[in-house]
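**Q** After the structure tokens below, expect a handful of questions from me.
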Amino acid sequence: MDLDCIGSIVLAKYLYPDHVPVKSHLVHPVARKLMNLYEDRLGFMSVADLKGQPVSRMVVVDTRSIERISEYLRWVPEVGAIDFEVFDHHPQDSKDIPGALIHEKPFGANTTQLGLELTRQGVFIEPEDATIALTGIYADTGNFSHTNVTAEDFEVASYLLSRGASLRLVKDFLVPLKDKQQIALFYEILQKLYKQTIRGHIVQSCYMELEEDSQGLGAVVEQVFNIIETDLLLGFFFFPSKGKLLVIGRNSKSRIYLNEIMSAFGGGGHAQAASATIKTPDGPRMIERIMKFLEDMLAPATCARHLMTTTVNTLQADWTLLEASLFLEKVGHTGAPVVDAEGRLVGFLTLRDIMKGRKGNQMHVAVSKFMSRSVVSAGPDASVREVDDLMFEHNIGHLPVVLDGRLAGLVTRADLLDFKRSDRRRREALLEESGLPIVEGGFA
Ligand SMILES: [Mn+2]
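Structure (structure tokens):
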């Protein structure tokens with residue numbers, strides 16, 4: 000629904016007072032401001048509200064294509080029983096709604112056709128509706144500057160002004176050229192989206208070749224991201240004349256860090272929104288490499304269960320400090336989790352705790368008296384990042400992993416460092432293998 004479409008709807012309501020306007024799920028970005036202000040007044044029902052409703056007539060405005068109204072027919076039980084009446088200013092098309100009564104007038108704006116009918120019938124139009132309709136005419140005629148403008152467009156505009164349309168509001172609803180380019184891009188991206196599932200994540204991407212670096216590409220990608228359903232959205236914009244590929248990404252999953260993925264080839268940003276600029280003479284080839292890299296990066300995340308040792312040397316709560324001390328010496332540890340007879344984690348005892356007992360001559364006392372009881376632990380599914388944060392925040396060298404209260408394993412600082420080191424090496428090797436060069440970073 001663009002401005003001319005909404006203008007047409009508002010006037011169609013006068014011609015067909017017993018009909019109900021139905022809102023498309025795709026509102027043109029250019030019409031959003033007007034919709035925000037007038038949505039209540041327009042009194043739309045949603046396409047979903049049509050579900051199971053017996054529909055006998057549909058009045059279609061600003062399009063005559065059956066494809067463009069398919070969303071409206073999805074829930075209607077008997078499409079064959081519907082009488083269609085169409086008001087359009089586009090030329091005939093092979094996708095015309097079959098059997099429809101079509102009113103076709105080649106006016107600059109479609110709103111003009113409905114407005115002309117109202118002037119003939121002498122119908123009284125409210126000032127707010129006149130404003131909405133006039134906005135539609137201004138939008139589709141390029142402020143009366145396009146070559147499609149007809150005398151009727153002026154005639155209806157004049158009538159709407161006389162009915163109290165506000166030119167100040169009309170001007171406010173129309174957007175400048177820069178935004179128009181963005182809107183065109185927005186629609187092109189929507190058309191070109193390619194959907195795939197990578198390791199269980201929905202990834203939508205599009206590829207476009209552009210001549211000029213267009214300002215606000217990030218904002219356009221953002222708009223697309225807001226209306227589609229996806230985990231990841233990647234916009235690839237290749238500038239052949241500049242030998243440059245711009246990658247703009249958006250992400251809705253909390254466990255995916257897009258900034259880390261982008262930083263691998265010189266980009267950056269945030270976990271949810273990041274971008275990179277890569278010098279390359281061959282955009283499509285570079286994208287292949289990036290997607291391969293992405294597939295590896297989206298591998299199921301390493302978590303505590305992968306880092307931990309499952310054969311943990313544990314202490315029993317009822318052992319004496321002396322027994323515990325001898326045991327730790329034997330296994331060469333500086334501390335160990337303490338479990339009860341059922342294997343439940345009840346505390347943690349370190350050599351430092353034992354020192355205290357030794358100083359106080361209490362080596363015969365039970366471990367449970369000297370152990371710390373508030374043990375920091377993690378679940379088996381805790382991410383590497385969470386494990387890292389816990390160990391750093393609490394300044395601990397051992398992190399017990401607990402499942403249903405029972406000790407399932409133990410992550411040590413050495414386990415964590417080993418993992419980080421090998422993970423870094425793995426990424427570096429992958430990058431080298433993929434041939435992704437590092438040039439300049441960027442935010443979008
Ligand atoms: Mn139109």
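With numbering that gives the first Met the number 0, letter number 337 in the sequence shown gets 336, and the count goes up by one each step, no holes.
Note that beta-carbon positions come from the ideal geometry of N, C-alpha and C, so glycine has one too.
Only counting the same chain, and skipping five residues up and downstream in sequence, which positions put a Cβ closer than 7 angstroms to that of A335?
**A** In the sequence shown, the residue the question calls residue 335 occupies position 336. Excluding positions up to five away in sequence, the list reads N312, T313, L314, L327 and L348.
**Q** Could you tell me how far apart the beta carbons of T110 and D87 are, in whole angstroms, since I believe they sit closer than 8 angstroms?
**A** Taking the first residue of the sequence shown as 1, we reach residue 110 at position 111. Taking the first residue of the sequence shown as 1, we reach residue 87 at position 88. Actually they are not in contact, since the Cβ atoms of T110 and D87 sit about 12 angstroms apart, beyond 8 angstroms.
**Q** Tell me whether the segment 402–411 and the segment 299–311 touch, counting them as touching only if at least three CB pairs, one residue from each stretch, are closer than 8 angstroms.
**A** A contact exists between the segment 402–411 and the segment 299–311.
**Q** Is the segment 235–252 touching the segment 263–275, taking contact as three or more C-beta pairs under 8 angstroms?
**A** These segments touch.
**Q** Using the three-state DSSP reduction, which class does C4 fall into: helix, strand or coil?
**A** Here residue 4 corresponds to residue number 5 of the sequence shown, with the count starting at 1. Looking at C4 - three-state DSSP - the assignment turns out to be helix.
**Q** Run the CB neighbour count on R162, radius 10 Å, all protein chains shown included, and call it buried at 16 or more, exposed below.
**A** Along the sequence shown, read from residue 1 onward, the residue named residue 162 stands at position 163. Buried, by the Cβ-count rule.
**Q** Please report how far the alpha carbon of V374 lies from the alpha carbon of D230, in whole angstroms.
**A** Start at 1 with the first residue of the sequence shown, and residue 374 comes out as number 375. Start at 1 with the first residue of the sequence shown, and residue 230 comes out as number 231. About 36 angstroms.
**Q** Can you name the residues that DSSP bridges to S204?
**A** Here residue 204 refers to the residue found at position 205 when the sequence shown is read from its first residue. DSSP, once it has assigned bridges, lists Y193 and L233 as partnering S204.
**Q** Count the other C-beta atoms from every protein chain shown that fall within 10 angstroms of the C-beta of T134, then say buried if there are 16 or more, exposed otherwise.
**A** Taking the first residue of the sequence shown as 1, we reach residue 134 at position 135. With 16 or more Cβ atoms within 10 Å of its Cβ, T134 is classed as buried.
**Q** Please state whether DSSP places T308 in a helix, a strand or coil.
**A** Residue 308 sits at position 309 when you count from the first residue of the sequence shown. Reduced to three states, the DSSP call for T308 is strand.
**Q** Any chance the segment 275–288 sits against the segment 175–191, with 3 or more Cβ pairs inside 8 angstroms?
**A** The segment 275–288, when compared against the segment 175–191, does not touch it at the 8 angstroms Cβ threshold.
**Q** Going along the chain, which residues put their C-beta within less than 5 angstroms of some heavy atom in ligand 1?
**A** Qualifying residues, in the order they occur: D3, D61, N109 and D139.
**Q** For the segment 275–361, which segments carrying the alpha helix (DSSP H) assignment without a break, of at least 4 residues, lie completely within its bounds, in sequence order?
**A** Counting whole runs of 4 or more residues, the segment 275–361 contains the alpha helix (DSSP H) stretches 282–296, 303–306, 320–330 and 350–358.
**Q** My output table needs one value for D417: the three-state DSSP class, helix, strand or coil.
**A** Numbered from 1 along the sequence shown, position 418 holds the residue referred to as residue 417. Three-state DSSP puts D417 in a helix.
**Q** Would D339 pass as a contact of V345 if the rule is Cβ separation under 8 angstroms?
**A** As a first step, residue 339 is located in the sequence shown; it is residue number 340 there, counting from the start. As a first step, residue 345 is located in the sequence shown; it is residue number 346 there, counting from the start. Yes, they are a contact pair.
**Q** For the beta strand (DSSP E) that contains R40, what are its first and last residues?
**A** Residue 40 sits at position 41 when you count from the first residue of the sequence shown. Taken as a continuous stretch (DSSP letters only), R40 belongs to no beta strand (DSSP E), being part of the alpha helix (DSSP H) at R31 to L41.
**Q** Using DSSP's beta-bridge definition, name the partner residues of N250.
**A** Here residue 250 refers to the residue found at position 251 when the sequence shown is read from its first residue. Bridge partners of N250: L231.
**Q** Who pairs with T411 in a beta bridge, going by DSSP?
**A** Walking along the sequence shown from the start, residue 411 turns up at place 412. DSSP output for T411 lists H397 as bridge partner(s).
**Q** What are the start and end residues of the beta strand (DSSP E) that includes L100?
**A** The sequence position of residue 100 within the sequence shown is 101, counting from 1. L100 to E103 is the extent of the beta strand (DSSP E) around L100.
**Q** From M290, G217, Q222 and L297, pick the residue whose C-alpha is nearest to that of S253; which is it?
**A** What you label residue 253 is simply residue 254 of the sequence shown in a count that begins at 1. Minimum Cα distance to S253 is reached at L297.
**Q** Which same chain residues, not among the five before or five after G441, have their C-beta less than 7 angstroms away from its C-beta?
**A** Residue numbering aside, residue 441 sits at position 442 when the sequence shown is read from its first letter. Since pLDDT at G441 reaches only 36, below the 50 mark, its modelled position is unreliable, and no value is offered.
**Q** Near T149, which residues of its chain fall below 7 angstroms by C-beta distance, leaving aside the five closest residues on each side in sequence?
**A** The residue given as residue 149 occupies position 150 in the sequence shown. Hits under 7 angstroms: F106 and G107.
**Q** Taking the beta carbon of V19 as the centre, do at least 16 other beta carbons fall within 10 Å, making it buried, or is it exposed?
**A** By one-based count along the sequence shown, residue 19 stands at place 20. So V19 counts as exposed.
**Q** Short check: CB of H27 to CB of D1, under 8 angstroms?
**A** Counting from one through the sequence shown, the residue named residue 27 turns up at place 28. Counting from one through the sequence shown, the residue named residue 1 turns up at place 2. Result yes, Cβ atoms of H27 and D1 sit closer than 8 angstroms.
**Q** Tell me whether Y193 is buried or exposed, calling it buried when 16 or more other Cβ atoms sit within 10 Å of its Cβ.
**A** Residue mapping note: residue 193 aligns to position 194 of the sequence shown, counting from 1. By the neighbour-count rule (16 or more Cβ atoms within 10 Å), Y193 is not buried but exposed.
**Q** Would you list the one or two residues that DSSP bridges to L406?
**A** By one-based count along the sequence shown, residue 406 stands at place 407. V401, per the DSSP bridge assignment.
**Q** If I measure Cβ to Cβ from Y137 and keep anything under 7 angstroms in the same chain, skipping five residues before and after, which residues do I get?
**A** As a first step, residue 137 is located in the sequence shown; it is residue number 138 there, counting from the start. Here the set comprises V169 and L173.
**Q** Closest by CA to V59, which one among G51, P53 and I68?
**A** The count along the sequence shown starts at 1 and reaches residue 59 at position 60. Cα-wise, what sits closest to V59 is I68.
**Q** Inspect the beta-carbon positions of T118 and S165 and report whether they are closer than 8 angstroms.
**A** Taking the sequence shown and counting its residues from 1, one reaches residue 118 at position 119. Taking the sequence shown and counting its residues from 1, one reaches residue 165 at position 166. Cβ atoms of T118 and S165: not closer than 8 angstroms.
**Q** Starting from V155, trace the beta strand (DSSP E) both ways and give me its first and last residue.
**A** In the sequence shown, the residue the question calls residue 155 occupies position 156. First-last for V155: A150 to S161, but that is the alpha helix (DSSP H), not the beta strand (DSSP E).
**Q** Quick one: is P235 buried, meaning 16 or more other Cβ sit within 10 Å of its Cβ, or exposed?
**A** Against the sequence shown, residue 235 aligns to sequence position 236. The sequence as given places Phe at residue 235; Pro does not occur at that position. By the 10 Å Cβ count, F235 comes out buried.
**Q** Hey, is the segment 11–18 in contact with the segment 151–162, meaning 3+ C-beta pairs nearer than 8 angstroms?
**A** At 8 angstroms Cβ cutoff, the stretches do not touch.
**Q** I'd like the list of long-range same chain contacts for F237, defined as Cβ closer than 6 angstroms, with 5 residues on each side in sequence excluded.
**A** Within the sequence shown, residue 237 is the residue found at index 238, counting from 1. Same-chain partners within the cutoff: E208, L244 and G282.
**Q** How would you call T309, buried or exposed, if buried means at least 16 neighbouring beta carbons within 10 angstroms?
**A** Residue mapping note: residue 309 aligns to position 310 of the sequence shown, counting from 1. Its Cβ having fewer than 16 others within 10 Å, T309 is exposed.
**Q** I want to check one thing, is the minimum distance from the CB of D317 to the heavy atoms of ligand 3 below 7 angstroms?
**A** The model depicted lacks ligand 3 and carries ligand 1 instead.
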